[in-house]
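Have a look at the structure below, then the notes.
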Amino acid sequence: MATRNIITEGNPTLTKVCRPVTSFDERLATLIDDMKETVVQANGIGLAAPQVGVLRRVVVVDLGEEIIELVNPRILEQSGEQDGLEGCLSVPERFGMVKRPNYVKLEAQDRHGDWYEYEGEELIARCFCHELEHLDGHLYTERAYRMLSREEYEELMQQDTEQEAQK
Ligand code: NI
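This is the structure:
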């Protein structure tokens, strides 16, 4: 396993539509393992293959107890609404306000091609939507109804640091 470089906003790869995975081979397994290591090292919740420069429909999401792999994911159901802050490893030092469904159910394949269903609420539902949009070449910044200012961002980071210090 190895970590891969995360590309950032402005790189045209992030605006492309990714192709479905058709070969469930060693190369896919390596990509998924590398993406898992990369998302952990970057302290992210989710990561999509285009963010490491690979135009394939692959996402990893850290659920806390495990990191799930979503190959060729499709949303089956969504409901409710949540409104909150969102960030992205490809848009460093920015946050924006985005409305998302509060519940999302999806189906996806694993590295062997077997299909599974997953469901999530709140942060996980938000992450599912965010990562799947990467596969179609979209960033949350297009969807945010307001981006935080530099001052607001720094205030938020300050609060996080204070919370960390209290743990
Ligand atoms: Ni992102």
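Each residue of the sequence shown is one higher than the one before, counting from 92 in this note's numbering. Just so you know, even glycine gets a beta-carbon here, dropped at the ideal spot from N, CA and C. Note that this is a predicted model, so its numbers are computed, not measured.
Extent of the continuous beta strand (DSSP E) run through residue i
i, result
"E177", "Q173 to C179"
"D153", "V149 to D153"
"G101", "Segment: none, G101 is in no beta strand (DSSP E) and carries neither H nor E."
"A139", "G137 to A139"
Those residues which DSSP pairs with residue i across a bridge
i, result
"Q169", "V195"
"Y207", "A199"
"K127", "In DSSP, K127 forms no bridge with anything."
"R185", "DSSP lists no partner for R185."
"L161", "V150"
"R237", "M188"
"R110", "R147"
Expected contact under 8 Å - CB spacing of residue i and residue j to nearest Å
i, j, result
"E157", "V151", "Between V151 and E157 the Cβ distance is about 10 Å, and since that is not below 8 Å, they are no contact."
"A93", "E117", "Actually they are not in contact, since the Cβ atoms of A93 and E117 sit about 14 Å apart, beyond 8 Å."
"S181", "I98", "6 Å"
"R202", "V143", "Their Cβ separation, rounded to whole angstroms, is 16 Å, which puts R202 and V143 out of contact at 8 Å."
"L223", "P164", "6 Å"
"E100", "L230", "6 Å"
"V112", "V145", "Contact flag wrong, Cβ pair sits at about 10 Å."
"S170", "Y194", "5 Å"
Closer than 7 Å: residue i CB and nearest ligand 1 heavy atom
i, result
"S181", "yes"
"H229", "no"
"H225", "yes"
"H221", "yes"
Separation of residue j from residue i, as counted between CA atoms
i, j, result
"I166", "E184", "29 Å"
"Y236", "I136", "22 Å"
"L226", "L119", "16 Å"
"R147", "P192", "25 Å"
"E168", "A133", "30 Å"
"G178", "K107", "20 Å"
"E245", "F186", "11 Å"
"G204", "E198", "12 Å"
"F219", "R110", "18 Å"
Residue i, enclosing alpha helix (DSSP H) - first and last residue
i, result
"L214", "E213 to H225"
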